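Some notes on the structure that comes next.
Protein chains: 2
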Amino acid sequence: MKDRQIPYKTYLDFEEIPKQWYNLRADMKNKPAPLLNPGTHQPMKAEELAPVFCEELIAQELDNDTPYFDIPDEIYNFYQMFRPSPLVRAYFLEEKLGTPAKIYYKFEGNNTSGSHKLNSAVAQAYYAKKQGLKGVTTETGAGQWGTALSMACSFFGLDCKVYMVKVSYEQKPFRREVMRTYGASVVPSPSNDTNIGRKINAEHPGTTGSLGCAISEAVEVATSTPGYRYVLGSVLNQVLLHQSIIGLETKAALDKLGEKADIIIGCAGGGSNLGGLIAPFMGEKLRGEADYRIIAVEPASCPSLTRGVYAYDFCDTGMVCPLAKMYTLGSDFIPAPNHAGGLRYHGMSSILSQLYDDGLMEAVSAKQTDVFDAAEMFARVEGILPAPESSHAIKAAIDEALKCKETGEEKTIVFGLTGTGYFDMVAYEKYHDGKMDDYIPTDEELAAYRAKLPKID
Amino acid sequence: MKDRQIPYKTYLDFEEIPKQWYNLRADMKNKPAPLLNPGTHQPMKAEELAPVFCEELIAQELDNDTPYFDIPDEIYNFYQMFRPSPLVRAYFLEEKLGTPAKIYYKFEGNNTSGSHKLNSAVAQAYYAKKQGLKGVTTETGAGQWGTALSMACSFFGLDCKVYMVKVSYEQKPFRREVMRTYGASVVPSPSNDTNIGRKINAEHPGTTGSLGCAISEAVEVATSTPGYRYVLGSVLNQVLLHQSIIGLETKAALDKLGEKADIIIGCAGGGSNLGGLIAPFMGEKLRGEADYRIIAVEPASCPSLTRGVYAYDFCDTGMVCPLAKMYTLGSDFIPAPNHAGGLRYHGMSSILSQLYDDGLMEAVSAKQTDVFDAAEMFARVEGILPAPESSHAIKAAIDEALKCKETGEEKTIVFGLTGTGYFDMVAYEKYHDGKMDDYIPTDEELAAYRAKLPKID
Chain P
1 MKDRQIPYKT YLDFEEIPKQ WYNLRADMKN KPAPLLNPGT HQPMKAEELA
51 PVFCEELIAQ ELDNDTPYFD IPDEIYNFYQ MFRPSPLVRA YFLEEKLGTP
101 AKIYYKFEGN NTSGSHKLNS AVAQAYYAKK QGLKGVTTET GAGQWGTALS
151 MACSFFGLDC KVYMVKVSYE QKPFRREVMR TYGASVVPSP SNDTNIGRKI
201 NAEHPGTTGS LGCAISEAVE VATSTPGYRY VLGSVLNQVL LHQSIIGLET
251 KAALDKLGEK ADIIIGCAGG GSNLGGLIAP FMGEKLRGEA DYRIIAVEPA
301 SCPSLTRGVY AYDFCDTGMV CPLAKMYTLG SDFIPAPNHA GGLRYHGMSS
351 ILSQLYDDGL MEAVSAKQTD VFDAAEMFAR VEGILPAPES SHAIKAAIDE
401 ALKCKETGEE KTIVFGLTGT GYFDMVAYEK YHDGKMDDYI PTDEELAAYR
451 AKLPKID
Chain B
1001 MKDRQIPYKT YLDFEEIPKQ WYNLRADMKN KPAPLLNPGT HQPMKAEELA
1051 PVFCEELIAQ ELDNDTPYFD IPDEIYNFYQ MFRPSPLVRA YFLEEKLGTP
1101 AKIYYKFEGN NTSGSHKLNS AVAQAYYAKK QGLKGVTTET GAGQWGTALS
1151 MACSFFGLDC KVYMVKVSYE QKPFRREVMR TYGASVVPSP SNDTNIGRKI
1201 NAEHPGTTGS LGCAISEAVE VATSTPGYRY VLGSVLNQVL LHQSIIGLET
1251 KAALDKLGEK ADIIIGCAGG GSNLGGLIAP FMGEKLRGEA DYRIIAVEPA
1301 SCPSLTRGVY AYDFCDTGMV CPLAKMYTLG SDFIPAPNHA GGLRYHGMSS
1351 ILSQLYDDGL MEAVSAKQTD VFDAAEMFAR VEGILPAPES SHAIKAAIDE
1401 ALKCKETGEE KTIVFGLTGT GYFDMVAYEK YHDGKMDDYI PTDEELAAYR
1451 AKLPKID
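Which chain is which? The protein sequence lines are P and B, in order. According to my numbering, the first sequence is numbered sequentially starting from 1. According to my numbering, the second sequence is numbered sequentially starting from 1001.
Laid out in structure tokens, this is it:
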């Protein structure tokens, strides 16, 4: 057994929780490319975004220069419910692997939303309330983001309307009921509330919906209902800003323990968790103060960084949202139906895309069954049942720890454990029953999606 | 807004976690009545219990005198995964209620089993392993206890066989999959593995099972398989001993904050949570060092303390287990099918029954829809989605806090929040859809069950 001088879990004292978010863009030499108007292909201005998003969130979205943003008292107050989250030393996992590496994980799953999504949900709900809005709309797939947003809206007394992909609404009723507990109205999408929903229902009778359609419905309702705006749980710069609380707490806890990370690992779908976790570390790297290996882990079935291209693309399948420059598989891309859990987005946050393109971080992909192997092993030794998304990071952390075992290096590995898998037991059941496979898109399939990318000068 | 000098959450430092369990029986003047042999009606001896239970657990079960038991290092090591649990100051709830009372809750739900059950599961698995056993058997209803036990057995490398009531096995597959993730074999009960299972299947073709039948199957397998024993998650003295960690941590945290509890509230089914939470406080009361109001809260649909009788009764419907003296509704009693969640046991732990009979604690009952009203309000203001069981304590704490609002008294209320409701969303759905009712057994029904109690001199 290793010497256990460092506690299993480190909780910052409450007053040690960071009081500002960190805006990574301020330290980037190559700034992330701006959002473009889908009609004119010119950079979107604040006033063009105002019908869709809250004003203060637009200001955060467009600000590439201000390094720190104060966290408003009301948000800090809410953070007290579920923050600080623990930084856990994975002694049990280290012993299981027999690695000389030190493994830490930042566990963001100990809240009712079950993930890190709550960090941004509370911020977005707060600014909507502050602007005097009545409510917000959003879309959700399995319900992780919708749950987080409904909790935040309930707290601030804001109406919350969630368009939930119909197949999830019907087959995964548990998160739907959590959202209803928090007073959200949850609408199966496509609905008959909207023009786009009615159109899709007419054209595809009996359709079970898609995330792209749900986004279009949520945006339509937000822009056509007085006092409403649309909110989004990942991809956007503002979301990464709010999620920087993850990395700032992680860094503060490591500093308190006298530890320095060598490798930082996070799963990546739209990029909100990874962007938040790495923020202060990448900041040091950008400023030349320290060096870290930073690794994004994505599913082999949705490999935007490892097999996509860096180009302007639509953020939604409806092609009504602004264009973003990102590593993308094409806005039509949908992972194979056998793909469990989240990390299904066709593109990657513009910030992370630029950092990756600049060679400042690495990316790897992991196959689904390997991810569940890692998840189950982790659950058994560390006691936490991880979300499939988070388990991508576990898989990569284990791989790095096993490399250290070969080389004998005592590296310090930090990964983000974004959430729990309590609402993903259907995927675990498939895994236990040997019904999970590893379909990976072919080069031909990816080329076909890529051919449909918009042409931007 | 109240002055917030005290932090929202208090985590003990790891080295402050108690290193011994406290055995409340040592300070009881009137000891709990002994278990009786169902054949001879004589007190059960250790050797009679040995075919069913682990030796060291039997010693703990029968020991009414030793006040403290050292927590073995191996158990303490496991505790590091999920303990200390936080003591939370419910500022948000206090503000919602507008009460001068101070409300604290000890939150035991932040672990994968979702409840306090893990505290005893790890102890029972450890002693089984120490005895050189191959495995343990148990029964589970919705799966809370089975999940906790499977986690503990996985950690110690012990085989774990869980007989799960068939209707839950089929209709609530999520916890079943959690158990499988931890390597347990989960068998729908009645099965064809056992004599009793085959008999029940033959007599009642298509039966969906009962907890009583699952207990009988688990006991039969444990006593007929070399290297196996049976373990139970509540009711027994040994379980209350292990659960004293809840109360000891609560007391240590309150002491650290300079707070003194006035009222301590816990939900009560078999009594493991309540017995654990109140242990050190009741100890002080028994020794005349302090006084507390201690309140057990039970469902109005399963009111063993408030409407049962104090008498010897069978612990199981199969009537093969020892007889226990307890407040009981009769071993045939099953709550109405509309009753959601746990707290379904027909009797109450002998320790708590004796304390209640001696006037050392109070008991109240709560109706199901009132409990869910309290649960939803709590979820919205405190951010934690509570288990239906735990919500009985929330309901009573709210009632006491509202009394303080009337009188202006600034009492300190402490309650146990035993777990989360993530696997109880079907019950929440019924509540949201207005399909939950409040059936309460009539006096005539209770009298009929009571008439079947065994006659013991």
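Just so you know, even glycine gets a beta-carbon here, dropped at the ideal spot from N, CA and C. None of these values were measured; they are calculated from a predicted model.
Residues of the segment 1081–1094 of chain B with a C-beta less than 7 Å from any C-beta of chain P: M1081, F1082, listed in chain order. Here V1088/B is near L1417/B, since their CB atoms are less than 9 Å apart. The alpha-carbon of G271/P is positioned some 5 Å away from that of S349/P.
The beta carbon of H1242/B sits no closer than 9 Å to any beta carbon of chain P. Within 9 Å of the CB of A1379/B, the CB atoms of chain P belong to T112, M151, S154, V178, T181, Y182, in sequence order along the chain. Residue environment analysis places R1176/B among the buried positions, since at least 16 neighbouring C-beta atoms fall within 10 angstroms of its C-beta. Between the beta-carbon of A125/P and that of A142/P there is about 20 Å, and that puts the pair past the 8 Å contact cut. Neighbourhood of G383/P in chain B, by CB distance below 7 Å: M1081, F1082, N1111, T1112, M1151, in chain order. In the three-state DSSP reduction, I1295/B falls in the strand class (E or B). One thing to note: A300/P has its Cβ within 9 Å of the Cβ of I440/P. For C1267/B, the pairing in a beta bridge is given by DSSP as V1297/B. Chain-order list of chain B residues neighbouring Y126/P: empty, with the shortest C-beta distance near 15 Å, by a criterion of under 8 Å. The way I'd put it, the segment 1225–1245 of chain B does touch the segment 1053–1066 of chain B; three or more beta-carbon pairs between them come closer than 8 Å. Bounds of any alpha helix (DSSP H) do not take in M1348/B, whose DSSP letter is neither H nor E. In terms of CA proximity to K430/P, Q368/P leads the group A448/P, Q368/P, F155/P. Just measuring C-alpha positions, the residue of H1242/B, T1225/B, Y1079/B sitting nearest L1232/B is H1242/B. Residues of chain B with a Cβ closer than 9 Å to the Cβ of H432/P are, in chain order, E1177, R1180, T1181. Shown here is that no member of the segment 1330–1343 of chain B has a Cβ falling below 9 Å from a Cβ of chain P.
Restricting attention to beta strand (DSSP E) runs no shorter than 3 residues, the segment 1298–1337 of chain B encloses them at 1309–1314, 1323–1328, ordered along the chain. Ranked by Cα distance from S365/P, the first of G266/P, A128/P, K405/P, G135/P is G266/P. The criterion of a C-beta distance shorter than 9 Å is satisfied by P1038/B and L1323/B. Contact annotation: A1387/B and T1420/B have beta-carbon atoms nearer than 9 Å. In this structure, DSSP gives I1245/B a helical state, which the three-state scheme calls helix.
What P7/P touches in chain B, judged by beta-carbon distance under 9 Å, is D1013, F1014, E1015, Q1080, going in chain order. The three-state reading of DSSP puts G275/P in helix, counting H, G and I together. At the C-beta level, A46/P and L24/P stay beyond 9 Å of one another. Sequence-distant partners of F1372/B (beyond 5 residues in either direction) whose C-beta falls short of 6 Å from its own C-beta, in its chain, are Y1431. Residues of chain P whose Cβ lies closer than 8 Å to the Cβ of E1376/B are, in chain order, T181.
In this structure, V1309/B is the residue among V1309/B, A1363/B, L1355/B with its C-alpha nearest to the C-alpha of G1347/B. Here E170/P carries a helix assignment [DSSP, helix/strand/coil]. Among the CB atoms of chain B, one or more fall inside 9 Å of the CB of F423/P. Assignment of alpha helix (DSSP H) within the segment 74–108 of chain P, counting only whole runs of 4 or more residues, yields 91–97 in chain order.
Non-local beta-carbon contacts of T1147/B in its own chain, meaning distances under 6 Å to residues more than five positions away in sequence, involve S1113, R1175, V1178, M1179 in chain order.
For P1173/B, the chain P residues whose C-beta falls within less than 9 Å of its own C-beta are M425, V426, E429, listed in chain order. Here P1335/B is buried: its Cβ has 16 or more other Cβ atoms, across all protein chains shown, within 10 Å. Scanning its chain for C-beta atoms nearer than 7 Å, with the 5 sequence neighbours on each side dropped, one finds around R1307/B the residues L1446, in chain order.
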